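To start, the structure under review is shown below, and the notes come after it.
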Amino acid sequence: MQENSENKPKVRVRFPPSPTGFLHVGHARTALYNYLFAHINNGDLVLRIEDTDVARYSSEGEKDIFESLKWLGLSWNEGPDIGGPNAPYKQSERTSKYSEKIKQLLQDGKAYRCFCSQERLDKMREIAEMEKKSFKYDKTCRVLTLEESDMRAEKENFVVRLKVDLGETIVFDDLVRGNVKFSSDMVDDFVISKGDNQALYHLAVVIDDAEMGITHIIRGEDGLSNTPKHISLQKALGYVTPRYAHLPLILDEKKKKLSKRSGDVVLTLKSLREDQGYLPETLLNAVALLGWNPKTEQVVFTLEELKAAFKLENVQKAGAVFSLDRLNWLNKQHIKRLSAEDLMERSKPFINKSGIEIDRGFLLKIIRVEKERITLLKEIPQLVLDITNEPVLDTEKIPWKNDGKDRAKDALAVLIEEIGILPMEVWSDLLVLQTKIMEIVDKTEMGRATTLWPMRYALSGKENSAGPHELAWLLGKPETIKRMREAVVQLG
RNA sequence: GGCCCUAUCGUCUAACGGCUAGGACACGAGACUUUCAUUCUCGUAAUCGGGGUUCGAUUCCCCGUGGGGCUACCA
Numbered sequence: 000m001q002e003n004s005e006n007k008p009k010v011r012v013r014f015p016p017s018p019t020g021f022l023h024v025g026h027a028r029t030a031l032y033n034y035l036f037a038h039i040n041n042g043d044l045v046l047r048i049e050d051t052d053v054a055r056y057s058s059e060g061e062k063d064i065f066e067s068l069k070w071l072g073l074s075w076n077e078g079p080d081i082g083g084p085n086a087p088y089k090q091s092e093r094t095s096k097y098s099e100k101i102k103q104l105l106q107d108g109k110a111y112r113c114f115c116s117q118e119r120l121d122k123m124r125e126i127a128e129m130e131k132k133s134f135k136y137d138k139t140c141r142v143l144t145l146e147e148s149d150m151r152a153e154k155e156n157f158v159v160r161l162k163v164d165l166g167e168t169i170v171f172d173d174l175v176r177g178n179v180k181f182s183s184d185m186v187d188d189f190v191i192s193k194g195d196n197q198a199l200y201h202l203a204v205v206i207d208d209a210e211m212g213i214t215h216i217i218r219g220e221d222g223l224s225n226t227p228k229h230i231s232l233q234k235a236l237g238y239v240t241p242r243y244a245h246l247p248l249i250l251d252e253k254k255k256k257l258s259k260r261s262g263d264v265v266l267t268l269k270s271l272r273e274d275q276g277y278l279p280e281t282l283l284n285a286v287a288l289l290g291w292n293p294k295t296e297q298v299v300f301t302l303e304e305l306k307a308a309f310k311l312e313n314v315q316k317a318g319a320v321f322s323l324d325r326l327n328w329l330n331k332q333h334i335k336r337l338s339a340e341d342l343m344e345r346s347k348p349f350i351n352k353s354g355i356e357i358d359r360g361f362l363l364k365i366i367r368v369e370k371e372r373i374t375l376l377k378e379i380p381q382l383v384l385d386i387t388n389e390p391v392l393d394t395e396k397i398p399w400k401n402d403g404k405d406r407a408k409d410a411l412a413v414l415i416e417e418i419g420i421l422p423m424e425v426w427s428d429l430l431v432l433q434t435k436i437m438e439i440v441d442k443t444e445m446g447r448a449t450t451l452w453p454m455r456y457a458l459s460g461k462e463n464s465a466g467p468h469e470l471a472w473l474l475g476k477p478e479t480i481k482r483m484r485e486a487v488v489q490l491g
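Numbering that gives the first Met the number 0 puts the first residue of the first sequence at 0, with every later residue one more than the last.
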């Protein structure tokens with residue numbers, strides 16, 4: 000499988016985010032699919048930072064790219080942080096390469112300088128819009144001679160446009176969509192550089208992908224319409240066209256390209272992990288299933304399982320709506336699979352952020368008890384407070400259903416009496432404690448609900464909570480007795 | 001507007017051209033349980049429309065329609 004012969008070059012894919020904001024769910028999927036594709040083909044994944052737009056650059060965004068990818072557990076073989084044979088991996092550090100190519104294109108007559116003013120173009124665009132026609136550059140500057148162009152370039156502002164041949168059909172075989180055809184007439188003489196040393200996105204991408212030996216470009220469907228531009232550029236530069244795979248878009252509930260929030264939940268990876276407390280396992284799992292299916296009925300996947308099951312052929316063509324319901328359900332599933340110790344470690348940032356001081360052992364006990372009730376890690380600090388804070392009781396809620404207050408009081412009194420004489424050792428083990436409490440409850444012959452509901456409510460002060468024996472176990476004997484006594488007092 | 005992509009339950013999706021169109025989330029009901037959660041059982045719910053091709057179409061073709069993307073001196 001480690002085949003590297005000339006006729007079968009090593010698979011190389013890339014993930015090229017732009018540091019203009021935080022990575023979101025869509026990025027996670029593109030990164031994951033590239034990672035998986037590289038992995039199953041024994042290929043390489045290149046991380047490249049597309050920071051050609053200085054105006055929109057954000058250093059926080061750049062930092063987030065590394066943090067979020069690492070959090071997800073997706074690693075890369077070459078990148079700005081680890082280097083590699085095709086360094087540098089930041090476009091801002093590759094400008095000399097672009098300038099070289101721009102010069103070459105100009106000299107070869109495959110591109111030309113355009114001195115048309117922004118105002119003039121804006122006006123033409125406006126008119127085209129009014130006439131309901133698609134705007135196309137009128138090619139005024141295409142006919143300039145190189146001498147004329149060189150002269151004007153010394154004192155005038157300009158951009159560089161690609162000379163695109165008309166009347167050609169650009170065809171490529173998309174790995175997801177099959178044959179896709181475009182007419183070169185639609186491509187237009189698009190701008191590839193501001194001045195002669197400020198490459199724009201399309202140019203930079205095409206040069207980098209070629210120079211970095213990228214064989215497969217796996218990206219969102221929004222790149223589909225750009226592909227003919229890239230192919231035109233590849234032709235002009237004498238590059239081989241890589242294979243393309245355009246993934247269906249991830250959509251919001253309104254079926255638009257996913258925006259950065261869904262309701263009041265921000266869908267950046269940073270917010271999902273730091274504010275909400277989703278696990279990386281959850282994100283990977285959720286995003287894997289948006290636009291791909293394993294052809295089996297398995298729904299919960301680990302990264303390792305995805306590596307075994309993923310196939311680009313099973314990628315969907317139609318857009319997929321992102322669902323928070325499903326994300327939440329998956330988070331529960333993955334939380335359930337964690338050990339209590341692991342879950343505790345992962346809850347640490349949330350505990351720290353809340354300012355709660357808590358003993359490790361105690362936190363672990365709480366998590367052991369609450370584990371299957373947790374959907375998001377952010378719920379954990381409140382869970383801790385619910386245990387440690389003195390409950391505020393509503394006496395109306397102490398009795399079970401139609402029981403009167405007197406009956407609840409009697410039940411609690413018996414429990415206090417009987418639990419009070421249990422030896423301390425019983426508290427060392429939850430199961431033992433539970434058995435003992437149930438023995439006591441059944442001995443009263445008052446009915447489980449009549450006794451256990453007031454006990455649980457007295458201990459938690461909540462209509463919903465963990466069970467009474469679990470709470471008793473967490474609180475310890477003295478506090479358990481104290482809280483039950485308090486309930487009796489309040490019942491009057 | 002032009003170009004391109006796309007179409008199965010509300011959502012994610014399965015179904016060599018051939019069973020009562022399957023699963024998951026969500027929702028509803030029930031069981032278990034002291035509450036909630038968990039777990040289990042059951043249920044509601046879909047092939048966008050019209051033409052072809054075919055013995056037979058969710059599946060292949062065409063035309064509509066819906067949805068989406070692109071249409072920057074952003075990436």
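Cβ coordinates follow ideal geometry from the N, Cα and C atoms, glycine included. Quick caveat, the model's predicted, so the values are computed rather than measured.
Skipping 5 residues on each side, what residues in its chain have a beta carbon closer than 6 Å to that of residue i?
| i | result |
| --- | --- |
| HIS229 | VAL205 |
| ARG482 | ALA457, LEU458 |
| GLY212 | ARG11 |
Comparing alpha-carbon positions, which option in the options lies nearest residue i?
| i | options | result |
| --- | --- | --- |
| GLY237 | ASP208, LYS364, SER224, ARG455 | ASP208 |
| SER544 | PRO477, LYS62, ALA30, LYS162 | There is no way to answer for residue 544, as the model of the chain reaches only from 0 to 491. |
| ASP324 | ILE366, GLU147, THR374 | THR374 |
| PHE349 | VAL391, LYS331, TRP328, LEU376 | LEU376 |
| ALA198 | LYS435, LYS102, PHE171 | LYS102 |
| PHE321 | GLU296, ILE355, SER427, VAL286 | VAL286 |
| SER353 | VAL383, LEU329, GLN332 | VAL383 |
| ASP188 | LYS180, HIS201, GLU273 | HIS201 |
| GLY108 | ILE126, ALA37, LYS162 | LYS162 |
| LEU288 | GLU273, LEU271, LYS269, PHE309 | PHE309 |
| GLU395 | ARG345, GLU462, GLN332 | GLU462 |
| GLY166 | PRO79, ILE191, PHE181, LYS269 | PHE181 |
| THR94 | LYS269, ILE39, PRO227, LYS193 | LYS193 |
| LEU68 | ARG28, GLY82, ARG345, ASP149 | ARG28 |
When you compare only the Cα positions, how much space is there between residue i and residue j?
| i | j | result |
| --- | --- | --- |
| SER57 | MET454 | 55 Å |
| GLU389 | VAL299 | 39 Å |
| MET0 | ASN41 | For MET0, the predicted structure reports a pLDDT of 37, less than 50, and the residue's modelled location is therefore unreliable. The matter cannot be settled from this model. |
| ASP393 | GLY460 | 8 Å |
| LYS154 | ALA110 | 20 Å |
| LEU494 | TYR34 | There is no way to answer for residue 494, as the model of the chain reaches only from 0 to 491. |
| GLU340 | LEU470 | 19 Å |
| LEU257 | GLY25 | 8 Å |
| GLN315 | LYS259 | 23 Å |
| ILE357 | ILE480 | 22 Å |
| ILE48 | LEU451 | 59 Å |
| THR301 | ASN284 | 7 Å |
| VAL175 | LYS131 | 33 Å |
| LYS253 | ASP184 | 33 Å |
| VAL45 | TYR32 | 13 Å |
| ARG447 | GLU378 | 30 Å |
| LEU305 | GLU66 | 22 Å |
| LEU232 | ASP263 | 42 Å |
| LEU104 | ASP164 | 14 Å |
| GLU485 | ARG406 | 16 Å |
| TYR88 | SER464 | 52 Å |
| PHE14 | GLU369 | 39 Å |
Looking only at its chain, what residues have a beta carbon closer than 7 Å to the beta carbon of residue i, apart from the 5 residues adjacent to it on each side?
| i | result |
| --- | --- |
| GLU371 | LYS335 |
| TRP426 | LEU432, TRP472, GLY475, LYS476 |
| LYS294 | ASN313 |
| PRO8 | THR214 |
| ASN330 | TYR277, LEU278, THR281, THR374, LEU375 |
| GLY466 | ARG455 |
| THR139 | CYS115 |
So, at 8 Å on beta carbons, what are the nonlocal neighbours of residue i in its own chain, with the 5 sequence-adjacent residues on each side left out?
| i | result |
| --- | --- |
| MET343 | ARG359, LEU362, LEU363, ILE366 |
| LEU120 | TYR136 |
| ASP409 | MET445 |
| LEU266 | HIS23, VAL24, LEU257, SER258, LYS259, ARG260, PHE321 |
| GLN489 | LEU392, THR394, ILE397 |
| GLU273 | PRO348 |
For residue i and residue j, which I take to be in contact (beta-carbon distance under 8 Å), what is that distance rounded to the nearest angstrom?
| i | j | result |
| --- | --- | --- |
| PRO241 | GLY72 | So it is not a contact: roughly 26 Å between Cβ atoms. |
| ILE217 | VAL12 | 6 Å |
| ILE397 | LYS404 | 7 Å |
| THR51 | GLN90 | 5 Å |
Can we say the segment 109-118 touches the segment 158-169, given the rule of at least three CB pairs closer than 8 Å?
With a cut-off of 8 Å, the segment 158-169 and the segment 109-118 count as touching, because enough Cβ pairs lie within range.
Below 8 Å, how does it come out for the segment 13-23 and the segment 46-61: are there three or more Cβ pairs, yes or no?
Touching, per the Cβ criterion.
Do the segment 217-224 and the segment 247-265 meet, that is, are 3 or more Cβ pairs less than 8 Å apart?
Touching, per the Cβ criterion.
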